[in-house]
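2 protein chains.
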Amino acid sequence: MSTVIDNIGLLVTNRDEGELTDAWIAIDGALVVATGTGKPPAADKRIDAERRCVIPGFVDSHTHLIFAGDRSAEFAARMSGLPYEAGGIRTTVEATRAATAELLTELATARMAEAHRAGITTIEIKSGYGLDLEHELISLQIGERLTSEVTFLGAHVVPNEFLGRADDYVHLVTGDMMKAAAEHASWVDAFCEVGAFDEDQSRAILEAGRASGLGLRLHANQLGPGPGAQLAVEMDCASADHCTFLSDDDIDALAGSSTVVTFLPATEFSTKQPYPDARRVLDAGATVAIATNCNPGSSYTTSMSLCVALAVREMGMTIREALQAATSGGAAALRRDDIGWLGAGSRSDMVVLDAPSYDFLVYRPGVPQIALTMIGGEQI
Amino acid sequence: MSTVIDNIGLLVTNRDEGELTDAWIAIDGALVVATGTGKPPAADKRIDAERRCVIPGFVDSHTHLIFAGDRSAEFAARMSGLPYEAGGIRTTVEATRAATAELLTELATARMAEAHRAGITTIEIKSGYGLDLEHELISLQIGERLTSEVTFLGAHVVPNEFLGRADDYVHLVTGDMMKAAAEHASWVDAFCEVGAFDEDQSRAILEAGRASGLGLRLHANQLGPGPGAQLAVEMDCASADHCTFLSDDDIDALAGSSTVVTFLPATEFSTKQPYPDARRVLDAGATVAIATNCNPGSSYTTSMSLCVALAVREMGMTIREALQAATSGGAAALRRDDIGWLGAGSRSDMVVLDAPSYDFLVYRPGVPQIALTMIGGEQI
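Here is the structure:
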């Protein structure tokens, strides 16, 4: 069915056409067929944008959406500077293993609907709260029913039953778990950080993923300087995620690569850590994405609008750069060329903002401004 | 009509009863008649809170809701560190004077509805974009149709036609404008700051307001240290608002007074100014409120949830303190004892959160979590 959205005050294409005023966009099912200004073509259905702004849908390239339980008590204690004997990720592993697949599906589906209401039209979902063959598989199977961008993150943390035997766990991840995961996931990821997996372990996991046909991504340099960012470049990861602590050498390596730097600013908000300096990374010429990192420990939000606002307020990005990072940047981080832009041949994934321009995403922080989310031509 | 909200996971009373679990609240029209735990009383209507959290409605004691135009271009330039020949408040004065009363009413009513959706059940509205007798009156008349908490802020800034003649403008404000305003407003306010009104001018305006039967409030110490906070105490203002730059003496004076310290954290977010240190003020024993400061220049948001989250992330408040400040603190800043709490005799102004506890307002930043707003017993 053909649809035209017309009377668009501002249409962001993220392509050579730039930003069109007094514009329309013509859609045929899952694909955009044309954009233009002035009089729109005929169509089966017309949507009046009422002079509002239309942007490509947000591409959220980093989430941990499949889990049970919450960690609000741990969060409240952290915010108050109070001590709290937190189990961190392991707390969520325990709750997730204890949950039925039905409950996990229900919870993840509800979060997915929330993400859609927040204007997210493509979402990456990681496993990583199962951490054994059985429960990682359950998460991956739920993930593949929700999105095409499923990531195997068996290497999220060393589970309790392998404490002191990290290499044994890496052996399991690169062996039986990887073999099973590869049937359900498109990506492999590892948490390369002190306290999680070191450089050699992370490289082994990425190599095993590549050998199994998976694309590569890496959690890197979140809590301090480390080898992750340069390992991501060495392995041609699609994305190095977090990148809160980058050296000049890290930035040079990233800027000279096709590895996207994915910032997760709601994480710094929720952990009271310092924000990364995105300006430095942008000025070096690296491609930057912003994602929500939706997870129950360090960033329990689906609000890409808030992430954009934080990137501008705290990380030295302009509003235009932050919007780009949340749309085409996310697409680059998933190595997708069909999303993150709007024009003939793109997916018809877009958002009508309840505002005349995308500046309002930052100008009106915290105010819900997603008037309509369209995915594959369907209003959600 | 009697209503019972039952199956409440957590009920915040802001009174001696504290926080009740497995609770209910019984309502008769505009008033709460009882709260309790266990089996609820019979009622004409039952609302199932589905184990979620119920809090007193947010009391937003500082907004500038009546204006035309926006200043998104000025905002975007500021966020990018670019120069921008901004007229600031005067830009909005020009747009507001040019607008019809019908348009101003329509715009303010829409913002009011947005505030209700954000869980705000009582809202203070200031004039201050008219700045002449005719246009201040139009704003005050619109304000009194929307809320009982209308504030005359003729002393927002010296209007263009009085530049270089500030005392003449103060004469107008304290004379003819005050006389006319007193028929429509409950409060008088002034912007005591370098570039706006000095200590003597501000005192004269507050004294004239008191003589006209108005309650007193003051914009104080927003952009730098100044006499405002102590002037507010001297004049027994209900609230000193902003208070971003307070000396030890200012804090001592406020803590020993019945003047509430009202923080407006979305303003610091939107102006890239440093956040105030609320911890210092709370530890001194002052009463603290949080408000949105919704206005088109420095804080165009109705999201009290975001203000609460910023107060916790950036200002040293616990989540409980921030919730208190956004509810009973706001009530104290308006010298109201019928709102900001829930129990026999309170107004039936409350919010059902889409969350099991108010911690989620900060734990899930940017996520809309207002499931139901009730004002005077009516679901909005």
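Read top to bottom, the protein sequences are chains F and Y. When the letters of the first sequence are read in order and numbered with my numbering, they come out as residues 720 to 1099. When the letters of the second sequence are read in order and numbered with my numbering, they come out as residues 720 to 1099. Every residue gets a Cβ at the ideal spot worked out from N, C-alpha and C, and that includes glycine.
What's the C-alpha gap between Pro1087/F and Phe777/F? Counted from its first residue, the first sequence places residue 1087/F at position 368. Counted from its first residue, the first sequence places residue 777/F at position 58. The alpha-carbon atoms of Pro1087/F and Phe777/F are separated by roughly 14 Å.
Using a Cβ cut-off of 8 Å, pull out every chain F residue sitting near Asp996/Y, in sequence order please. Here residue 996/Y is taken as the residue at index 277 of the second sequence, counted from 1. Neighbours of Asp996/Y on chain F: none; closest Cβ ~14 Å, over 8 Å.
Pairing CB atoms from the segment 1011-1030 of chain F with CB atoms from the segment 749-766 of chain F, are three or more of them under 8 Å? no
Own chain partners of Ala985/Y with C-beta closer than 7 Å, once the 5 adjacent residues on each side are dropped: Against the second sequence, residue 985/Y aligns to sequence position 266. Thr1011, Asn1012, Ser1018, Thr1020, Leu1025, Cys1026, Leu1029.
Where does Lys898/F sit, in a helix, a strand or coil, going by DSSP? Taking the first residue of the first sequence as 1, we reach residue 898/F at position 179. Residue state, collapsed to three classes: helix.
Grouping DSSP H, G and I as helix and E and B as strand, with all else coil, what is Leu744/F? As a position in the first sequence, residue 744/F is number 25, starting the count at 1. The sequence shown places Ile at residue 744/F, not Leu. Strand, per DSSP.
Sort Val980/Y, Ser1065/Y, Leu823/Y by Cα distance to Ala1045/Y and report the nearest one. The residue labelled residue 1045/Y in the question sits at position 326 within the second sequence. Nearest option by C-alpha distance: Val980/Y.
Residues of chain F with CB under 8 Å from Ser1022/Y, in chain order? As a working mapping, residue 1022/Y is identified with position 303 in the second sequence. Ordered by position in chain F, the residues that pass the 8 Å Cβ test against Ser1022/Y are Pro1084, Gly1085, Val1086.
Within its chain, find whatever has a CB closer than 7 Å to the CB of Asn879/F; leave out the 5 residues flanking it on each side and keep chain order. On the first sequence, residue 879/F is found 160 positions in, with the first residue counted as 1. Cβ neighbours of Asn879/F beyond the five flanking positions: Arg809.
Check whether the segment 1063-1070 of chain F and the segment 1046-1059 of chain Y touch, using three or more Cβ-Cβ pairs below 8 Å as the test. no
Taking 8 Å as the cut-off, does the segment 946-958 of chain F touch the segment 896-914 of chain F (at least 3 CB pairs, one atom from each stretch)? yes
Burial state of Gln1098/Y, where buried means 16 or more other Cβ atoms lie within 10 Å: Taking the first residue of the second sequence as position 1, residue 1098/Y is located at position 379. Exposed is the call here.
Please name the residues in the segment 1032-1063 of chain F whose beta-carbon is closer than 8 Å to at least one beta-carbon of chain Y, in chain order. Arg1032, Thr1037, Ile1038
Run the proximity test for Phe777/F: is its beta-carbon closer than 7 Å to any non-hydrogen atom belonging to the ligand ATP? What this structure holds is no ligand at all, so the ligand ATP is not there to describe.
Quick check: the Cα distance between Gly1015/F and Ser791/F, rounded to an integer number of angstroms? The residue labelled residue 1015/F in the question sits at position 296 within the first sequence. The residue labelled residue 791/F in the question sits at position 72 within the first sequence. The sequence given here places Pro at residue 1015/F; Gly does not occur at that position. Roughly 8 Å between the two C-alpha positions.
Counting only Cβ pairs nearer than 7 Å, list the residues of chain F close to Ser780/Y. In the second sequence, counting from the first residue as 1, residue 780/Y sits at position 61. Per Cβ cutoff of 7 Å: no residues; Ser780/Y is ~18 Å from chain F at best.
For Glu793/F and Ala814/F, the rounded distance between their alpha carbons: Here residue 814/F is taken as the residue at index 95 of the first sequence, counted from 1. Here residue 793/F is taken as the residue at index 74 of the first sequence, counted from 1. So the alpha carbons of these two residues sit roughly 15 Å apart.
Checking contacts by CB at 8 Å: is Phe988/Y closer than that to chain F? The count along the second sequence starts at 1 and reaches residue 988/Y at position 269. Judged by the 8 Å Cβ criterion, Phe988/Y is in contact with chain F.
Return the residue from the list Lys991/F, Ser977/F, Leu850/F, Pro993/F that minimises the CA-CA distance to Val1007/F. For the purposes of this step, residue 1007/F is identified with residue 288 of the first sequence, where counting begins at 1. The option with the nearest alpha carbon to Val1007/F is Ser977/F.
Could you tell me the boundaries of the beta strand (DSSP E) in which Pro984/F lies? Counted from its first residue, the first sequence places residue 984/F at position 265. First-last for Pro984/F: 984-990, but that is the alpha helix (DSSP H), not the beta strand (DSSP E).
Checking contacts by CB at 8 Å: is Glu769/F closer than that to chain Y? Taking the first sequence and counting its residues from 1, the one referred to as residue 769/F is at position 50. With 8 Å as the cut-off, Glu769/F does not count as an interface residue toward chain Y.
From Ser1047/Y to Trp1060/Y, what distance separates their C-alpha atoms? The residue labelled residue 1047/Y in the question sits at position 328 within the second sequence. The residue labelled residue 1060/Y in the question sits at position 341 within the second sequence. In a straight line, the C-alpha of Ser1047/Y is about 6 Å away from that of Trp1060/Y.
Report the residue ranges of all beta strand (DSSP E) runs contained in full by the segment 748-820 of chain Y; include only those spanning at least 3 residues, in chain order. 750-756, 764-767, 772-775, 777-779
Gly894/F: which of His875/F, Leu852/F, Gly847/F, Gly1004/F sits nearest, CA to CA? Position 175 of the first sequence, counted from the start, is the residue given in the question as residue 894/F. It is Leu852/F whose Cα lies nearest to the Cα of Gly894/F.
Any residues in the segment 794-806 of chain Y with a beta carbon nearer than 9 Å to a beta carbon of chain F? Which ones, in chain order? Phe794, Ala795, Met798, Ser799, Gly800, Leu801
Please give the ranges of any beta strand (DSSP E) in the segment 931-1019 of chain F, keeping only runs that are unbroken, at least 3 residues long and fully inside the region. 934-939, 958-961, 979-982, 1007-1009
Tell me, please, whether the CB atom of Leu1025/F is closer than 8 Å to any CB atom in chain Y? Against the first sequence, residue 1025/F aligns to sequence position 306. At least one chain Y Cβ lies under 8 Å of Leu1025/F.
With three or more C-beta pairs closer than 8 Å as the rule, is the segment 890-905 of chain Y touching the segment 919-927 of chain Y? yes
Ser1076/Y: contacting residues in chain F (beta-carbon distance under 7 Å): Numbered from 1 along the second sequence, position 357 holds the residue referred to as residue 1076/Y. Per Cβ cutoff of 7 Å: Ser791.
Count the other CB atoms within 10 Å of the CB of Pro995/Y; is the residue buried (16 or more) or exposed (fewer)? Position 276 of the second sequence, counting from 1, holds the residue named residue 995/Y. Counting Cβ neighbours within 10 Å, Pro995/Y comes out buried, since at least 16 surround it.
Name, please, each residue of chain Y whose Cβ falls closer than 8 Å to the Cβ of Tyr848/F. Looking up residue 848/F in the first sequence gives position 129. By Cβ distance, chain Y contributes nothing, its closest Cβ being about 18 Å from Tyr848/F, past 8 Å.
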